[in-house]
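In my numbering, the protein residues as written are 97 to 754.
Printed below as a string of structure tokens:
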């Protein structure tokens, strides 16, 4: 029996075995209906592969271009690829079954292993069908051919890393409350208390992010530096992915400019230094669209699969990533309506993208199906319609609904060049772009909307306006910077588009006689933009310590003191109702320090103090009057105050064993 005959026999036997297994479930295990359906689906796929192998491709009934199933043809016709595909689907099926059948604090690492294996095998099936196994010699040759380009992108990436890495644990100086809460979720992972990476946790955030934070702390230390390091890595990785996307959509010159702008963006810098899941949105958005656009050019199924895998994985992070599937559908819809036979020629590729995304997102989608409230939780809190904000606001402000919506729109659309972030997530004193970039953004957006019939410009337009609509206009309190982080790449692309176009126009008008002066002009402008951004973030913004609100500064400095102090003591915190000892900053930074909130004002000597331990009384300024009661009770204590810019933030009174 030759190789072809063996492959045919394998398909025959596999199809028959899965069909029998499916019917066995239908007959004997009727409570597992979907299991039986799954086995039948696999059997049908193997059977069609067998039919295709034996009878060949059926002739079309009419003289018409057939729907292209190109990537699947290659996978099915190659035994190795077909095996990898079937194994991938089987792993996904069993991962979902284990996930749905497990509850409580049981370990989910076996589910994770099957889930990860499923996605990797699915990609490998298409790579094998294309004969694209990576070879070291080929990679080296490609690197040599593009060494100058790689050097420039590498330099830009290195600069971006340094800007995000330097003084990471002290810039921003405050450690935010949400950072602390997410950090404590990661600590739960390290302790083995949080075991499921396919559900939602604190504030309805998917828990997979907390597992990545736990890994970051495992590698870099269970502290502020280790927790924030994940965001540094993710923010830095967005530099090359943006370059690849812009290079695929436009050209190398614009790609270099856009990448440099992202590297120095004060907005992107800030979120690349926070231990939050917002910064993942730009990485996944650029990776999804780079792989998709590359696939449109290369016609390789593996590119579509990579796009789908990134699309599915993006849903495990910040809610801004929910824009990505909407943008993908809009982009595909645009191509389908503007390019003849697009769906017919690319249906197989698009199905590969969709299946890949589904394989990765399936456990989380299954969880959302069981808990639809978890999927909508955050949107119900901050959406102007879902939260009831729009219905209440006219009565509260005396403004008409039209006036309110107009203000919402203006605050959203002008977030990058006029309005400032009203939240303590950033609360910069300038818009999300610097002055010069704000000007260029207007030109870039105008040009891109003028050229909206081009697919590259349609993508930019759809991306920008989707961020404005869903991240600003339809949300309370725009322009809230956390919801606009996903818009940073498209803002950089629009600014780069305007800058490059203006430089080329100047050359055409005779201002530059050759490309070199034009390149120097671009370099000068980018350097000026870099100066504006870096000067603002590191010189003007950082000393204000405004990030996280005043309680973040109190929590950060108090935690540092408690950790350094050492000894056997208990903290008595006179902070409520403004601040509590269970605040995320203190819980993370001062882990292991025991304390309690003193919620009611002291009417007499404190009776709750542990006489066997040293006591540390901490007072916020508004409760300073109660300090005198404590001092009268324990007159031998030591008093010190933390102040900045002449303002007392909190007072500490230390008492040796009362």
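Cβ atoms here follow ideal geometry from the backbone N, Cα and C, with glycine treated the same way.
In this text the structure is predicted, and so the values were computed from the model without any measurement.
Quickly, what does DSSP pair residue i with across the bridge? List them, please.
i: residue 432; result: Answer by DSSP bridge pairing: none, since residue 432 is not bridged.
i: residue 747; result: 715 and 737
i: residue 710; result: 665
i: residue 571; result: 479
i: residue 296; result: 302
Which of the three DSSP states is assigned to residue i in this structure?
i: residue 666; result: strand
i: residue 652; result: helix
i: residue 644; result: coil
i: residue 278; result: helix
i: residue 693; result: strand
i: residue 675; result: coil
i: residue 302; result: strand
i: residue 523; result: coil
i: residue 623; result: helix
i: residue 442; result: helix
i: residue 200; result: coil
i: residue 605; result: coil
i: residue 517; result: coil
i: residue 684; result: helix
i: residue 549; result: coil
i: residue 504; result: helix
i: residue 721; result: helix
i: residue 555; result: helix
i: residue 242; result: coil
i: residue 267; result: coil
i: residue 262; result: coil
i: residue 414; result: coil
i: residue 613; result: helix
i: residue 594; result: helix
i: residue 234; result: helix
i: residue 512; result: coil
i: residue 732; result: coil
Cβ of residue i within 9 Å of Cβ of residue j?
i: residue 541; j: residue 557; result: yes
i: residue 388; j: residue 430; result: no
i: residue 584; j: residue 567; result: no
i: residue 533; j: residue 625; result: yes
i: residue 404; j: residue 454; result: yes
i: residue 71; j: residue 535; result: With the chain covering only 97 through 754, there is no way to say anything about residue 71.
i: residue 270; j: residue 652; result: yes
i: residue 632; j: residue 524; result: yes
i: residue 265; j: residue 321; result: yes
i: residue 480; j: residue 565; result: no
i: residue 356; j: residue 622; result: yes
i: residue 530; j: residue 364; result: no
i: residue 488; j: residue 299; result: no
i: residue 674; j: residue 712; result: no
i: residue 171; j: residue 225; result: yes
i: residue 45; j: residue 729; result: Since the displayed the chain opens at 97 and closes at 754, residue 45 lies outside it and no answer follows.
i: residue 448; j: residue 514; result: no
i: residue 327; j: residue 371; result: yes
i: residue 341; j: residue 382; result: yes
i: residue 360; j: residue 202; result: no
When you measure from the CB of residue i to every non-hydrogen atom of the ligand ZN, does any distance come out below 8 Å?
i: residue 332; result: With respect to small molecules bound, the structure shown includes none, and the ligand ZN cannot be examined in it.
Is there at least one Cβ from chain D nearer than 9 Å to residue i's Cβ?
i: residue 224; result: Absent here is chain D; the protein component of the structure consists of one chain.
Item to check | Uninterrupted alpha helix (DSSP H) stretches inside the segment 352 to 406 (no shorter than 4 residues) | outcome: Counting whole runs of 4 or more residues, the segment 352 to 406 contains the alpha helix (DSSP H) stretches 362 to 367 and 376 to 394.
Checklist entry - Can you find at least 3 beta carbon pairs, one from the segment 431 to 451 and one from the segment 487 to 498, that sit closer than 8 Å? => result Short answer: they don't touch.
Item to check | alpha helix (DSSP H) segments (min. 4 residues) lying fully within the segment 453 to 502 | outcome: Correct list: 468 to 478 and 485 to 493.
Next on the checklist: Does the structure place the segment 570 to 580 close enough to the segment 332 to 350 that three or more beta carbon pairs sit under 8 Å?
Outcome noted: With the cut-off at 8 Å, the segment 332 to 350 and the segment 570 to 580 do not touch.
Checklist entry - Using 8 Å as the threshold, is the segment 454 to 470 in touch with the segment 273 to 290, meaning 3 or more CB pairs across them? => result As far as the Cβ criterion goes, the segment 454 to 470 does not touch the segment 273 to 290, which means the pair count is below three.
Next on the checklist: With a threshold of 8 Å, are at least 3 pairs of Cβ atoms found where one atom belongs to the segment 193 to 213 and the other to the segment 293 to 306?
Outcome noted: Here the segment 193 to 213 lies against the segment 293 to 306, with 3 or more beta-carbon pairs under 8 Å apart.
Checklist entry - Do the segment 713 to 727 and the segment 300 to 316 make contact, defined as three or more Cβ pairs closer than 8 Å? => result The segment 713 to 727, when compared against the segment 300 to 316, does not touch it at the 8 Å Cβ threshold.
Next on the checklist: When you compare the segment 684 to 702 with the segment 661 to 670, are there three or more beta-carbon pairs, one atom per stretch, that lie closer than 8 Å?
Outcome noted: With a cut-off of 8 Å, the segment 661 to 670 and the segment 684 to 702 count as touching, because enough Cβ pairs lie within range.
Checklist entry - Where are the alpha helix (DSSP H) runs, 4 residues long or more, that stay fully inside the segment 162 to 232, in chain order? => result Correct list: 166 to 173, 175 to 196 and 205 to 226.
Item to check | Sufficient close CB pairs (3 or more, under 8 Å) joining the segment 675 to 687 to the segment 642 to 652 | outcome: Touching, yes, given that three or more Cβ pairs across the two stretches are closer than 8 Å.
Checklist entry - Can at least three beta-carbon pairs, one atom from the segment 161 to 181 and one from the segment 220 to 232, be found at a separation below 8 Å? => result Yes: the two stretches touch, three or more of their Cβ pairs being nearer than 8 Å.
Next on the checklist: Would you call the segment 244 to 259 in contact with the segment 415 to 423, where contact means no fewer than 3 C-beta pairs closer than 8 Å?
Outcome noted: No: the two stretches stay apart, fewer than three of their Cβ pairs being nearer than 8 Å.
Next on the checklist: Quick test of the definition: if touching needs 3 or more C-beta pairs under 8 Å, does the segment 592 to 605 touch the segment 494 to 508?
Outcome noted: Too few Cβ pairs lie closer than 8 Å, so no.
Checklist entry - At what residue ranges does the segment 309 to 358 contain a whole run of the alpha helix (DSSP H), taking only runs of 4 or more? => result Taking only runs of at least 4 residues, the alpha helix (DSSP H) segments lying wholly in the segment 309 to 358 are 320 to 345.
Checklist entry - Taking contact to mean at least 3 C-beta pairs separated by less than 8 Å, is the segment 345 to 354 in contact with the segment 587 to 599? => result Yes, they touch.
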